[in-house]
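Working notes for the structure below.
There are 2 protein chains.
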Amino acid sequence: MPLGERGGWERSESRYCGVETDFSDDVTYLLNFNISTGGFDYVLAPLMNPSYRPSLVEGNGVDTQVLPVSGSDLVLSPSQWSSHVVGKISSWIDLDSEDEVLRMDSETTLKQEIAWATHLSLQACLLPTPKGKSCANYARCVNQILQGLTTLQLWLRVPLVKSDGDSMDDTSEGPKDSWKLWNSFRLLCEHDSKLSVALDVLSTLPSETSLGRWMGESVRAAIVSTDSFLTNARGYPCLSKRHQKLIAGFFDHAAQVVISGKSVHNLQKSHDSNTEGTEKHPLRTYLDYVAYLFQKMEPLPEQERIELGYRDFLQAPLQPLMDNLEAQTYETFERDSVKYIQYQRAVEKALVDRVPDEKASELTTVLMVVGAGRGPLVRASLQAAEETGRKLKVYAVEKNPNAVVTLHNLVKMEGWQDIVTIISCDMRFWNATEQADILVSELLGSFGDNELSPECLDGAQRFLKPDGISIPSSYTSFIQPVTASKLYNDVKAHKDLAHFETAYVVKLHSVAKLAPSQDVFTFTHPNFSTKSNNQRYKKLQFNLPSDSGSALVHGFAGYFDSVLYKDVHLGIEPTTATPNMFSWFPIFFPLRKPVELHPDTPLEVHFWRCCGSSKVWYEWSVSSPTPSPMHNTNGRSYWVGL
Amino acid sequence: MPLGERGGWERSESRYCGVETDFSDDVTYLLNFNISTGGFDYVLAPLMNPSYRPSLVEGNGVDTQVLPVSGSDLVLSPSQWSSHVVGKISSWIDLDSEDEVLRMDSETTLKQEIAWATHLSLQACLLPTPKGKSCANYARCVNQILQGLTTLQLWLRVPLVKSDGDSMDDTSEGPKDSWKLWNSFRLLCEHDSKLSVALDVLSTLPSETSLGRWMGESVRAAIVSTDSFLTNARGYPCLSKRHQKLIAGFFDHAAQVVISGKSVHNLQKSHDSNTEGTEKHPLRTYLDYVAYLFQKMEPLPEQERIELGYRDFLQAPLQPLMDNLEAQTYETFERDSVKYIQYQRAVEKALVDRVPDEKASELTTVLMVVGAGRGPLVRASLQAAEETGRKLKVYAVEKNPNAVVTLHNLVKMEGWQDIVTIISCDMRFWNATEQADILVSELLGSFGDNELSPECLDGAQRFLKPDGISIPSSYTSFIQPVTASKLYNDVKAHKDLAHFETAYVVKLHSVAKLAPSQDVFTFTHPNFSTKSNNQRYKKLQFNLPSDSGSALVHGFAGYFDSVLYKDVHLGIEPTTATPNMFSWFPIFFPLRKPVELHPDTPLEVHFWRCCGSSKVWYEWSVSSPTPSPMHNTNGRSYWVGL
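The listed protein sequences correspond, in order, to chains D and U.
The numbering of the first sequence is my numbering, which starts it at 5 and goes up by one.
The numbering of the second sequence is my numbering, which starts it at 5 and goes up by one.
So this is what it looks like as structure tokens:
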């Protein structure tokens, strides 16, 4: 039963809890005991007898040999196999051993086990942790296997460890930073999307920032050892605060939990004799605790639930200048009331600055909404006038003839005919008959200037008075480096250069933000200087926190912040984001080849905004620690049309 | 309400019925009247005032012009627009007129209407029938539009007419064969998958075979004129038998029905005054009749319902020799009891031929199942022995070690240890210790030899006695030319050569079979001749029936028939197919460029079966009426591994 249903109520996203078991000849019993009796959702079970070694089989190759698996495929139904069993590859295998017999036995067994798992249509198999410092032969063999898989997923088991010290720990066994083990293996397997990681959660956890890295990796399971549980006052297992937070993070990132090991909390036996004397699963109290952790998580806010389907889903940015928006798009944006409240506040302040109280009844302010769409900024502006008692004359300029139909109906219905004039024209080409005091627009994209607000407002400021006000008065873009293996794999799946040189609008979720964001380009309006243009270039340096360990940079998350007027701002940069505003997801600039980054070497990044006669585009590159190729030269892959 | 739900019960696939309406300023009323009152599922309604001509608008281009559409986008919710309205493009437009003003007005209006439909997120728009003999400029403009569409579908309206005569009819107005109109337009639009056809069903229908062609085309709607209805004894509308059959065919091919025209059966008024005096829709009786037609259709048989999701879905053929089948695949095939009954009957006949009744108790027949899988043919053979009272010794030869696990368990569970010997080996390489009387195999693919049954049995007959029997003893492949626009578009969507040179396994549904199938390659077993090989070449000629009109050949449907033993056969060739057998879907060989075929010119086709040291492949081509390029030269795109 999914964790969320244990409390008798359903949560929006289900999570499951498995249990690691020993090999058993009797899979039916194994399932009965762990699932029916124990209450677990699935077993992580070895597929072959652990004593099996191909080289020890007598008369190797004889026609009558049978694989030492746990019974026939027929003992479970196909759906039981696929939903209740994750295959555990024999943990003795060592493909990088110096011992050739062991190496060959390992390869044969691994391939036989994967073939058996495929035969059973299992969803996933757990690969044992690489044993030595090198894992090249292991990765070569897994690569060969990955070529042939269609639905089976492979989870590489990796302990969640990272020692803080330097030389002192070098002598200790095991990896200093297990992320490096995962990274090597994954790079050798060319980021294959069927290869994920399963983390062994131990009693000691590495630093907070180093844990954060994993949230951008494809972690499919957290295998929690019973040893890492503490004991509460009543003798039951529980987890430390840090462990709890980590597990909640894994829940949030769709990783399964697996309980592993022997029961080290033996209270239940005495406790259970009260009930019906039936056999109780020794790990049941651990499962109950994990379910309790899941249930006590805060439910997702309404807007987050609506946006669940957009998480980590790459979308091409809108081209509102070249294309006309559709009615449904307008509708979505118009529902974002927070945004229009900010606009109304900005217009109110501008009106009061423009017209002192004593002249409120005589002066009429000319306000032009450029890119009026179906009218939300017209409404916000009229409300601002009413709030401040200022007289207003509004021009609503809109190039989309379909939206103009709605505008006309709106004006008629609201009785605004005397105040609002509708102009069915592109703001860049309109010959205005008078000049505006205030120019209001909402032309910003996720990266600020990426929907060509600068170019549009340059055109529109022809009809702004020399002392007129633009709302917004400025906007700035921001980027930060991220680990985002899912996004990278989705881009890679297109198998072409163009998709690696495109920026995407995406609700970032399974992403690790590796350093604070930094500002990139700023535009200020109006800008009557004749020398300025809209080309930009910025060089940025990012440093990983010293205790985070190394990380892989798959690309850059981008945001914007905008000053609407004076202290009224609007934006999505995470540290200053306007709360409850949903019109913009972040933007994502991918890297063709992910860059491995260490805390002691800064990441040097370059961003350009380039302008041609009919389009605007970005180019980007990394120069340190290793130079990347230039992305999107001449806007060959991705551009925004003028 | 979908047609199927009107009778108070649901059918597996829903169908909807729309109604063609005039332009109305008041869409809300239009929907209320036709959907709430009338009971129709959607309206096919003009989007713009029919009197609108861009060239007549005063002060053309002025900033304040509003499109003459039927009210604002806000009068309906987005979901109402998209599910209840199909846009009808102004029927006056004529993009191939000699009158330049009319031509320009037509292009402007068409593009404005499509933009408005896109703004509203409509699912489809109906394009009016091309007016003149040429439709090049119309198609050019539609092509430009198609480039920019993402979800909107375009339905080209075409009358369902084809005159039978020759010279006599040439003087009459309108097209002789409206299929040619559709074909020209579709070819000019390069088979764009967003362009479909809507057929105007009139009172007279063309010949049966000419109607059949349309079942392979993407017909989205049948617009049935009220004029084509007859009147039943009680004065209600009904359709002729031929019309009924045609409409049932459209239902079966997921085409919508639209009622069009004025009511010509006026009984309802007097009848309705009985009820509540509320307004009744004048076309309601037509809708009721269409719903009645849908409900009286035979429900789909169980197996057809299971296979609904496979209709016209291209699958890569299995490679059972190179790859091992999975448990679920075995399970599906094993459920096909009809197939194993045929095998059992064949083995029974072979056993009786081999061992006369009087020797039944002394002679033991050696039977080898080559490719035993998880054992169904072993079981069928043992049952045949029991039925005939013959003594049997069985060898079960299987190369897949995962299936061998199941076989071992089966033999143990059934207590067959003394009769059945399991050989875990590829039949081509097994060194048998004795010779077989009977060799039983099921290695056939949808095209007979395409899963390399010939090569496998050539290898296995080493251990067949010189007078031994092979079951099957022969098999033959068949092909026939088909119109299959959906399959063609799905192949084309891959945008590469390889997919056009691949044969697919597919449950053919939206396919028009243009001529009876003909046999291609035959293989007979055993075949001890040293001169023979498995290469084949066949030239075939197909002729369209004289009254069918022209048709487009998108490729060839392929089948097989197999003689298991003497009069026991097994196959999927449509005219002789074994009833209720579901192990095989047909195969489909596409053509890179569809060939237009006329009844007076035969289609000449060539098929080759080629054999290399590690693979077998087919090549195919058309030499008449127009030569196609050779497909799959050297098996560069599609082959079966040895």
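Just so it is clear, CB atoms sit at the ideal spot from N, CA and C, and this is done for glycine as well.
Segment limits, beta strand (DSSP E) that includes residue i
i	result
PHE593(D)	591–601
LEU573(U)	Checking the sequence, you will find His at residue 573(U) rather than Leu. It spans 572–575 - the beta strand (DSSP E) in which HIS573(U) sits, taken as one unbroken run.
PRO163(D)	157–163
ARG378(D)	ARG378(D) -> no beta strand (DSSP E), and no H or E assigned at all.
TYR563(D)	555–569
THR336(U)	Per DSSP, THR336(U) belongs to no beta strand (DSSP E); it is in the alpha helix (DSSP H), 331–338.
Cα-Cα separation, residue i to residue j
i	j	result
LEU156(D)	GLN323(U)	19 Å
VAL262(D)	THR213(D)	24 Å
ALA497(U)	LYS597(U)	14 Å
SER28(D)	GLU390(U)	38 Å
SER627(D)	ILE118(U)	47 Å
ASN236(U)	SER167(U)	28 Å
GLY616(U)	CYS139(U)	49 Å
GLU366(U)	ARG358(U)	13 Å
GLY42(D)	ASP196(U)	56 Å
ALA561(U)	GLY449(U)	14 Å
ASP571(D)	VAL382(D)	21 Å
ASN64(U)	HIS123(U)	Because ASN64(U) sits at a pLDDT of 48, beneath the cut-off of 50, its placement in the model cannot be relied upon, and the following sentence gives the value as read from the coordinates. Computed Cα separation, rounded: 23 Å.
PRO52(D)	ALA258(D)	Here the sequence assigns Met to residue 52(D), which means Pro is not the residue at that position. Roughly 29 Å separates the two Cα atoms.
SER552(D)	THR392(D)	52 Å
ARG378(D)	ASP462(D)	23 Å
LYS92(D)	PRO50(D)	4 Å
ASN493(U)	GLU194(U)	10 Å
PRO578(U)	PRO380(U)	26 Å
PRO405(U)	HIS412(U)	11 Å
CYS145(U)	LYS184(D)	57 Å
Limits of the alpha helix (DSSP H) - the one that residue i falls within
i	result
SER489(U)	489–496
MET2(U)	Here chain U comprises residues numbered 5 to 646, so residue 2(U) is not present and cannot be evaluated.
ASP292(D)	288–299
CYS145(U)	140–152
VAL31(U)	31–35
Given residue i as reference, the closest of the options once Cα atoms are compared
i	options	result
PHE298(D)	LEU443(D), VAL342(D), MET326(D), LYS249(D)	LYS249(D)
THR1(U)	HIS503(U), ALA507(U), PRO476(U)	Shown here, chain U extends from 5 to 646; a query on residue 1(U) therefore has no answer.
ASP204(U)	SER554(U), TYR347(U), SER232(U)	SER232(U)
GLY639(U)	HIS558(U), TRP588(U), ALA507(U), ASP551(U)	ALA507(U)
ALA516(D)	LEU607(D), SER566(D), GLU221(D)	GLU221(D)
VAL687(U)	THR289(U), PHE254(U), ASP256(U)	With chain U covering 5 to 646 only, the question about residue 687(U) has no answer from this structure.
GLY452(D)	SER481(D), ALA502(D), GLN346(D), GLU302(D)	SER481(D)
PHE525(D)	LYS511(D), ASN38(D), LEU544(D), LEU150(D)	LEU544(D)
CB of residue i within 7 Å of CB of residue j, strictly
i	j	result
TYR1(D)	PRO590(D)	A question about residue 1(D) goes unanswered here, because the residues of chain D that appear run from 5 up to 646.
VAL398(D)	ILE423(D)	yes
LEU158(U)	LEU131(U)	yes
THR437(U)	LEU396(U)	no
ILE442(U)	LEU386(U)	no
GLY702(U)	PRO594(U)	This structure gives no information on residue 702(U), because the portion of chain U shown stretches from 5 to 646.
ALA440(U)	VAL374(U)	no
ARG315(U)	HIS513(U)	yes
THR113(U)	ILE97(U)	yes
Cβ of residue i within 7 Å of any chain B Cβ
i	result
ASP77(U)	Given the protein chain composition of this structure (D and U), no chain B is represented.
| request: Give, in chain order, every residue of the stretch 562–583 of chain D whose Cβ lies closer than 9 Å to some Cβ of chain U. | output: none
| query | Taking a cut of 9 Å between CB atoms, which residues from the stretch 118–137 of chain U lie near chain D? | reply | ALA119, TRP120, THR122, HIS123, LEU124, SER125
| request: Could you please tell me which residues of the stretch 320–333 of chain D, in chain order, have their CB closer than 7 Å to any CB of chain U? | output: ASN328, GLU330, ALA331, GLN332
| Of the residues that make up the stretch 401–423 of chain U, which ones have a beta carbon closer than 7 Å to any beta carbon in chain D? | PRO405, ASN406, VAL408, VAL409, THR410, HIS412, ASN413
| query | Residues in the stretch 514–528 of chain U with C-beta within 9 Å of chain D's C-beta atoms, listed in sequence order? | reply | none
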